[in-house]
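K.L.:
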Amino acid sequence: MPQQVGNGSAAWRRLLRPGTGGDTSGASWLVLLLFLGPALLVFGAMTAYPMVRTICDSFFTIDDPDKPIWVGLANYVTLAGDGTFRRAVVNTLIWSVAAPVLDVGVGLLLALCLYAKVPFTRFLRVAWFTPVLLSYVVVAIVWLWLYNYDWGIVNVLFRAIGLGGLASAWLGNPHLALGSLIFIDVWKWAGFNMVVCLAAIHSLPSEVLEAAELDNCGWGGKLRFVIVPMLRPTLLNLYILAFVAKMKVFDLVWIMTQGGPLWSTETVSTYVYKRAFAWNTFDLGYPAAIASVWFGVVIVTVLLLNRLLRSRERVEF
Amino acid sequence: MATVQLDAVSKSYGSGPLAVDNVNLSIADGEFMVLLGPSGCGKSTTLRMIAGIESISAGKLSINGRVVNNVPARDRDIAMVFQSYALYPHMTVADNLAFGLRRRAVPKPEIARRVREVADLLGLTPYLARKPSALSGGQRQRVALGRAMVREPQVFLFDEPLSNLDAALRVNTRNELIRQHHRLGSTMIYVTHDQVEAMTMGSRICVMNAGRVVQTGSPLEVYWNPADTFVARFLGAPPMNLLQLPVGTGERLLASNDSATVPLTLWRPATLAPYAGQSLIVGVRAEDVRLGPPPDATPSGWFRGRIDAIEPLGAETLVLVSAGAAEVTARLGRDVPARVGETVTLSFDAAAVHLFDPATTTAITREL
Amino acid sequence: MLSRAFSRGGLMAILVAYTAFAGFPFLWVGTMSLRTTTEIAYNHYGWPSPAHWAKFRTAWIDSAFNTYFANSAAVVIGSVAVITLVGSAAAHCLARYRFPGNRLIYFILFSSIILPPQIVLIAVYQTLVEYNLYDTLWGLGLVYVSLQLPLTIYLLEGFFARIPQDLFDAAKVDGYGDFEIFFRLVLPVGMPAIATTVILNFILLWNEFLFAVVLIADDDLRTLPVGIQRFMGDHFQDIGMIATGVMISVLPVVVVYAFFSEKLIQGMTAGAVK
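Chains as they are written, first to last, in the working numbering: chain G, 40 to 356; chain Z, 28 to 395; chain Y, 13 to 286.
Dropping the structure here:
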């Protein structure tokens with residue numbers, strides 16, 4: 040497991056340590072190179088180098104790949120005034136902050152349902168996990184049909200139970216589109232969180248739950264005072280995982296709404312894609328600037344979240 | 028009044044053998060009853076059935092005369108100290124102690140008073156604001172005990188509470204528990220596999236094996252009059268020497284072979300008649316065995332064989348001798364004038380002999 | 013007792029409702045894949061009668077799904093193979109050997125998991141174009157390897173580090189060299205974890221969309237996710253055929269899931285439980 044890296048030079052010195060491996064006789068550099076080399080090569084060439092290059096790109100206007108034009112911070116200045124970008128950031132942040140709460144919350148509730156020893160637990164666990172496996176393309180296509188105004192099941196059901204007034208153009212209405220997409224995301228990921236929460240609940244020491252039983256705790260009491268508090272590390276972990284994933288979301292939005300209607304579902308990733316590959320003027324510098332800013336935002340928010348949510352004592356048992 | 032009564036209580040998990048088989052036990056008010064036995068003998072399961080966290084498959088469990096088979100654990104007025112302490116890791120010590128009372132809507136001033144008192148008694152006052160992860164094993168143990176005491180229950184249950192402590196701490200905590208028992212006078216049921224704990228703490232011991240109760244009685248009773256070979260060897264360190272010897276005929280009843288002669292003077296000839304020509308299991312405790320030939324005056328038996336090992340323990344010495352096919356251990360004093368490899372004679376009083384039926388392994392009661 | 017029965021009944025109702033919620037969309041597409049578009053237009057929620065199995069053949073051959081499928085298979089299988097070899101070698105090295113910077117390298121690899129793909133996307137596009145790997149399955153495969161390597165190394169390092177050092181000491185005493193130890197000890201012993209990452213990588217890369225849509229332009233080289241999306245764009249009224257195409261693309265995943273559901277679930281959720 041990675042060392043917990045905090046502030047201070049002691050932590051950085053820890054990184055330079057040789058590692059936890061058992062081979063103390065010291066391996067030859069050749070061996071290390073052959074084992075680690077290919078991975079580092081691929082990582083360096085396809086991850087580290089492009090990352091640096093994108094950041095460098097952001098200081099240029101690149102309409103002709105052979106002749107990038109230096110513009111300094113001009114792209115960033117434009118970005119500061121770019122209304123679409125602002126909208127995209129807001130949408131993405133709404134998604135990243137709200138959806139994980141629903142994801143993890145629903146996942147926890149489902150896990151509690153399965154923990155209550157219902158029949159067919161194994162089947163349900165497998166069935167509820169299925170949406171996680173479907174590609175976003177499949178999910179997008181299916182839900183496009185489900186959200187269809189005339190014959191999609193959502194509206195059909197509303198009309199069938201007499202709430203026809205609630206039938207809406209889920210993806211066509213700028214006020215509903217983002218929420219509709221978030222709903223699909225929760226549909227896809229609740230099963231994942233359910234599985235993790237279930238495993239975590241099963242790993243709780245049974246004697247503590249028995250002690251709670253003797254302390255006059257029924258189901259509700261155990262849940263509130265023992266299970267959920269002891270699950271906090273896992274729940275926070277899931278939240279951060281979901282947060283990071285939502286900050287990257289592209290597939291679903293692109294296929295279903297392409298950022299519309301009226302930028303109500305525009306996310307940073309769709310905006311970058313559009314500016315880089317689907318804009319009337321070809322320029323890679325500007326989207327590179329967007330990507331660089333976003334990269335900074337993601338790193339900062341993840342570190343902040345980490346610090347904020349994990350600052351209390353670990354629950355050790 | 029807090030009596031606990033088990034009538035033919037059994038526990039089965041599916042189609043396998045019974046985990047607890049037909050246990051009958053009567054625990055009086057204020058008694059310290061120890062359930063003793065090896066791992067897997069069903070003692071913990073029995074305890075958990077009394078607590079209510081394990082369901083009872085058959086039989087009747089009564090507390091104070093009230094049948095509680097179907098009464099949920101939280102309504103039995105029972106508190107339990109778990110082997111792993113089972114403290115709530117996310118709550119402070121104070122909250123751990125107060126939790127059960129809060130859940131029972133005990134008024135706040137009363138809760139505060141009880142927590143304060145118990146913390147005082149157990150020396151936990153400086154730790155009230157800490158979380159369990161910041162405590163040592165012994166301190167956690169005391170919090171677990173405190174959590175039970177604060178409830179002022181009718182019955183205390185202990186599930187091997189000392190097994191996770193180191194030796195010195197175990198002795199201290201053991202004395203602490205005995206002290207609390209004297210102070211509170213409550214009924215306590217204590218599960219352990221450690222016979223030293225059983226002997227020092229219990230007012231009565233119930234020895235269990237393979238789900239069944241083998242013998243119940245005061246510690247010394249069970250020690251001096253074991254009901255079968257299992258109890259004979261389970262209590263006492265080193266375990267009782269057991270040898271299978273053929274019964275002789277003749278005037279002085281003896282069980283003997285080339286390396287051992289055991290006088291059976293404590294039994295009537297009529298009792299032993301069925302075993303004529305067959306063999307019996309003879310038992311002699313290591314502390315009753317002396318080095319040297321038997322004195323003429325008192326009726327004695329003897330073993331003869333080669334010393335295999337000598338284990339000096341400081342205050343005493345254990346000598347292992349192979350007498351024929353059997354190995355006999357003698358517990359002797361500090362200085363033993365013998366060496367490994369020597370052939371020696373060990374002797375013992377006729378009054379120290381135990382007899383067991385070879386087929387059923389049960390003891391043949393002394394009569395004379 | 014009544015309240016218990018009521019809450020029990022309520023619980024069952026929730027279970028049934030959620031199962032329908034989670035499972036309905038997929039099953040619905042399944043039924044639609046066996047019906048013609050006309051039948052669907054008539055009644056969107058009917059049962060296929062008759063079941064037009066021939067549609068699969070049509071989609072496979074006439075609508076080029078066989079090409080898309082083959083492309084996906086080639087890229088994904090190739091990438092997963094490379095990732096597994098390279099990743100397990102790196103994970104073994106990080107888990108077993110002490111050298112300065114071991115933890116630093118591990119930390120860098122681990123942190124790159126949170127990188128938003130956009131930061132890498134633009135420059136990767138430029139790089140592939142420069143090296144003539146743009147619009148080739150080789151280029152895409154290379155990118156795929158780099159995408160999944162950090163996660164794979166993270167998962168495998170955790171598992172490999174837990175292999176008891178005694179096994180390695182015994183092997184060394186028996187005269188095994190470093191590479192022999194890797195191939196004959198680590199790979200067999202680590203097979204459960206490796207299998208898990210293989211399945212995980214397979215699923216994630218089979219479904220990958222962003223890089224596939226950016227880095228491949230030629231229709232003949234498209235992978236399934238992009239192929240379906242384009243198909244839908246071109247024929248979005250032909251619901252029946254789209255549904256069949258969707259089922260074709262989902263098939264490998266369903267097969268893997270049917271046989272390895274437990275492994276798959278464990279693999280995808282590994283590292284999330286704290």
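Note that beta-carbon positions come from the ideal geometry of N, C-alpha and C, so glycine has one too. Just so it is clear, the structure is predicted and the values come from calculations on it, not from any experiment.
Let me make sure I understand the geometry here. Which of G:284, G:279, G:293 and G:242 has the alpha-carbon closest to that of residue 269 of chain G?
P.N.:
G:242
K.L.:
At a CB distance below 9 Å, what residues from the segment 88-120 of chain Z approach chain G? Give them in sequence order.
P.N.:
99, 100, 101, 102, 103, 105, 106, 107, 109, 110, 111, 112, 113, 114, 115, 116, 117 and 118
K.L.:
Whose CA, out of Z:293, Z:343, Z:73 and Z:79, lies closest to the CA of residue 361 of chain Z?
P.N.:
Z:343
K.L.:
DSSP three-state label for residue 324 of chain Z, please.
P.N.:
Of the three classes helix, strand and coil, the one that applies to residue 324 of chain Z here is coil, per DSSP.
K.L.:
For chain Z, check one thing: does any of its Cβ atoms lie closer than 9 Å to the Cβ of residue 348 of chain G?
P.N.:
When Cβ-Cβ separations below 9 Å define contact, residue 348 of chain G makes no contact with chain Z.
K.L.:
Along chain Z, which residues have their Cβ under 9 Å away from the Cβ of residue 298 of chain G?
P.N.:
Those within 9 Å of residue 298 of chain G in chain Z number zero; the least Cβ separation is about 43 Å.
K.L.:
With 7 Å as the C-beta to C-beta threshold (strictly closer), list the residues of the segment 186-199 of chain Y near chain G in chain order.
P.N.:
190
K.L.:
Does the beta carbon of residue 338 of chain G come closer than 9 Å to any beta carbon on chain Y?
P.N.:
yes
K.L.:
Less than 6 Å between C-beta atoms, sequence neighbours within five positions excluded: which residues of the same chain meet that for residue 231 of chain G?
P.N.:
171
K.L.:
Considering only their Cβ atoms, is the gap separating residue 244 of chain G from residue 303 of chain G smaller than 9 Å?
P.N.:
no
K.L.:
How would you call residue 186 of chain Z, buried or exposed, if buried means at least 16 neighbouring beta carbons within 10 angstroms?
P.N.:
With 16 or more neighbouring CB atoms inside 10 Å of its own CB, residue 186 of chain Z falls in the buried class.
K.L.:
Which chain Y residues sit within Cβ distance under 7 Å of residue 96 of chain G?
P.N.:
134 and 135
K.L.:
Hey, residue 218 of chain Z and residue 71 of chain Z are a contact pair by Cβ (cut 8 Å); roughly how many whole angstroms apart?
P.N.:
6 Å
K.L.:
For the alpha helix (DSSP H) containing residue 49 of chain Y, list its first residue and its last residue.
P.N.:
49-54
K.L.:
Since residue 130 of chain Z meets chain G, which of its residues come closer than 7 Å, beta carbon to beta carbon?
P.N.:
Chain G residues near residue 130 of chain Z: 254, 255, 256 and 260.
K.L.:
Exposed or buried, what is residue 184 of chain G when buried is set at 16 or more other beta-carbons lying within 10 Å of its beta-carbon?
P.N.:
buried
K.L.:
Check each residue of the segment 91-105 of chain Y: if its Cβ is closer than 7 Å to any Cβ of chain G, include it; give the result in chain order.
P.N.:
Listed by position along the chain: 98, 99, 101, 102, 104 and 105.
K.L.:
For chain Y, check one thing: does any of its Cβ atoms lie closer than 9 Å to the Cβ of residue 63 of chain G?
P.N.:
Unreliable positioning characterises residue 63 of chain G in this predicted model, as indicated by a pLDDT of 48, which lies under 50. A coordinate reading is not provided.
K.L.:
Throw me the rounded Cβ distance for the residue 190 of chain G and residue 56 of chain Y pair, which I believe falls under 8 Å.
P.N.:
5 Å
K.L.:
Compare the C-alpha of residue 168 of chain G against each of Y:186, Y:218 and Y:38 and name the closest.
P.N.:
Out of Y:186, Y:218 and Y:38, the CA that lies nearest to the CA of residue 168 of chain G is found in Y:38.
K.L.:
Looking only at C-alpha atoms, which of Z:387, Z:68 and Z:51 sits nearest to residue 220 of chain Z?
P.N.:
It is Z:68 whose Cα lies nearest to the Cα of residue 220 of chain Z.
K.L.:
In or out: residue 137 of chain Z buried (at least 16 other Cβ within 10 Å) or exposed?
P.N.:
Under the 10 Å beta carbon count, residue 137 of chain Z is surrounded by fewer than 16 other beta carbons and is classified as exposed.
K.L.:
Out of Z:42, Z:210, Z:99 and Z:65, point me to the one whose CA is closest to residue 239 of chain Z's CA.
P.N.:
Z:65
K.L.:
Inspect the beta-carbon positions of residue 233 of chain Y and residue 149 of chain Y and report whether they are closer than 9 Å.
P.N.:
It is a contact, given that the beta carbons lie within the stated cut-off.
K.L.:
Output yes if chain G places a C-beta closer than 9 Å to the C-beta of residue 304 of chain Z; else output no.
P.N.:
no
K.L.:
Just how far apart, CA to CA, sit residue 340 of chain G and residue 286 of chain G?
P.N.:
10 Å
K.L.:
Just the C-alpha distance for residue 135 of chain G and residue 183 of chain Y, rounded to the nearest angstrom, thanks.
P.N.:
49 Å
K.L.:
For my contact list, residue 252 of chain G and residue 80 of chain Z are in at a C-beta cut-off of 8 Å; report their separation, rounded to the angstrom.
P.N.:
6 Å
K.L.:
Below 7 Å CB to CB, which residues in the same chain sit around residue 266 of chain Z once its five sequence neighbours on both sides are set aside?
P.N.:
Hits under 7 Å: 260.
K.L.:
What in chain Z is Cβ-close to residue 170 of chain G, meaning under 7 Å?
P.N.:
Close to residue 170 of chain G, with beta-carbon spacing below 7 Å, lies no residue of chain Z; the smallest spacing is near 32 Å.
K.L.:
Around the Cβ of residue 249 of chain G, are there at least 16 other Cβ atoms within 10 angstroms (buried) or fewer (exposed)?
P.N.:
buried
K.L.:
Near residue 198 of chain G, what residues of its chain come up, given a Cβ to Cβ distance below 6 Å and the 5 sequence neighbours on each side ignored?
P.N.:
206
K.L.:
Counting beta carbon pairs with one atom in the segment 273-282 of chain G and one in the segment 100-120 of chain G, are three or more of them shorter than 8 Å?
P.N.:
no
K.L.:
Short of 7 Å in beta carbon distance, which residues of its chain neighbour residue 88 of chain G, apart from the five on each side in sequence? Order them along the chain.
P.N.:
none
K.L.:
Quick one: which chain Z residues come within Cβ less than 7 Å of residue 268 of chain G?
P.N.:
By Cβ distance, chain Z contributes 117.
K.L.:
With 9 Å as the threshold, decide whether the Cβ of residue 80 of chain Z is near any Cβ in chain G.
P.N.:
Using beta-carbon distances, residue 80 of chain Z counts as an interface residue toward chain G, with a partner under 9 Å.
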